[in-house]
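Data first, discussion second: the structure below is written as structure tokens.
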Amino acid sequence: MIDKKQIKDGASTILNGLGIKNWETDENFKDTPKRIADAFFEVCGSLNLDTEYQFKKLFESTYSSTNNQMIVIDKIREYSICPHHLFSYSMDVKIGYIPQGKVIGLSKLPRLVKLLANKPVLQETLTEDIANALMEYLVPLGCGVIVKAHHGCISVRGVKQIDAITTTSIMKGCFLVNPVKLEFLSL
Ligand SMILES: [Zn+2]
26 MIDKKQIKDG
36 ASTILNGLGI
46 KNWETDENFK
56 DTPKRIADAF
66 FEVCGSLNLD
76 TEYQFKKLFE
86 STYSSTNNQM
96 IVIDKIREYS
106 ICPHHLFSYS
116 MDVKIGYIPQ
126 GKVIGLSKLP
136 RLVKLLANKP
146 VLQETLTEDI
156 ANALMEYLVP
166 LGCGVIVKAH
176 HGCISVRGVK
186 QIDAITTTSI
196 MKGCFLVNPV
206 KLEFLSL
């Protein structure tokens, strides 16, 4: 669970470490540790949730289907925190699956992404986590997940590549077979 007090204390230490004088009485800085604690509480909200319970809730309302068409949802916009620098990254997520008797409401897929993304997590891990959750709880014939992300840690520091996009992708089950994979990539 998130401990706001510890984050607030840590943020105060950062301000001291930066050598900012009298920040405790400066209008612009005095509430900064609290604001930082509130922000982390919000953007790492998944850390306060019981992930297993949330998975069960998400996947309890599936619909039976005899359909074997590929279902693809693209441009799910989400954000996360990189565990190496605690900088934020924003992303577009594309998810596809071919059902095996069971489909899930479309709104559940962005919810799944949010649940797995809103905490410090590597983009590669997140990509895999989304696919693993689908395979485990929805049990489709296969699925594919592609994440395209814009990382704060390489745009505002280090190499300062403000437009660089990092892409990660994973295919499971029948999506490993070329015609299916190519269909997913082209949609
Ligand atoms: Zn980073």
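Take 26 as the starting number for the sequence shown in the working numbering and just add one per residue. Cβ coordinates follow ideal geometry from the N, Cα and C atoms, glycine included.
What does the alpha-carbon distance come out to for the pair residue i and residue j?
i      : j      : result
Gly130 : Ile195 : 22 angstroms
Val138 : Glu49  : 38 angstroms
Leu207 : Gly121 : 12 angstroms
Gln31  : Thr192 : 34 angstroms
Leu83  : Ile45  : 46 angstroms
Asn73  : His176 : 24 angstroms
Lys100 : Asp28  : 33 angstroms
Ser132 : Leu111 : 28 angstroms
Thr91  : Leu166 : 12 angstroms
Leu147 : Asp154 : 10 angstroms
Gly126 : Phe54  : 56 angstroms
Lys59  : Gly35  : 10 angstroms
Tyr162 : Val205 : 21 angstroms
Lys81  : Ser211 : 31 angstroms
Determine, using beta carbons only, whether residue i and residue j come nearer to each other than 8 angstroms.
i      : j      : result
Ala142 : Leu134 : no
Thr57  : Leu40  : yes
Val189 : Met116 : Note that residue 189 corresponds to Ala in the displayed sequence, not to Val. Contact: no.
Asn157 : Ile123 : no
Leu226 : Gln79  : Because the chain here runs from 26 to 212, residue 226 falls outside it and cannot be looked at.
Need the endpoints of the alpha helix (DSSP H) that residue i sits in, please.
i      : result
Val138 : Lys133 to Ala142
Ser37  : Lys29 to Gly42
Ile187 : Premise fails: Ile187 is in no alpha helix (DSSP H) and is neither H nor E.
Met160 : Gln148 to Tyr162
Val202 : No alpha helix (DSSP H) contains Val202, which DSSP labels as neither H nor E.
Val68  : Thr57 to Val68
Measuring CA to CA, which of the options is closest to residue i?
i      : options                         : result
Lys33  : Val128, Ser89, Asp63 and Glu208 : Asp63
Lys145 : Asp28, Lys46 and Phe65          : Contrary to the premise, residue 145 reads as Pro rather than Lys in this sequence. For Pro145, the nearest C-alpha among the options comes from Phe65.
Ile98  : Cys178, Ile171 and Gln186       : Ile171
Val128 : Leu140, Arg102 and Ser86        : Ser86
Met26  : Glu77, Tyr78, Ser71 and Val184  : Ser71
Tyr88  : Leu212, Val164 and Asp51        : Val164
Lys119 : Ile96, Leu140 and Ser113        : Ile96
Glu149 : Glu77, Tyr162 and Tyr114        : Tyr114
Glu103 : Ile61, Val68 and Thr76          : Val68
For the beta strand (DSSP E) holding residue i, just list the boundary residues, first then last.
i      : result
Gly169 : Gly167 to His176
Thr91  : Element bounds for Thr91: n/a, residue is neither H nor E.
Val118 : Ser113 to Ile123
Val181 : That residue, Val181, is in no beta strand (DSSP E); it is neither H nor E in DSSP.
Lys127 : Lys127 to Ile129
Ser105 : Ile96 to Ile106
Does the beta carbon of residue i fall short of 7 angstroms from some heavy atom of ligand 3?
i      : result
Cys168 : As far as ligands go, the structure on display features ligand 1 and does not contain ligand 3.
For residue i, would you say it is in contact with chain B, using Cβ-to-Cβ distances shorter than 8 angstroms as the test?
i      : result
Lys197 : The structure shown contains no chain B, having only a single protein chain.
ask   = Is the number of C-beta pairs between the stretch 99-108 and the stretch 197-208 that are closer than 8 angstroms three or more?
value = no
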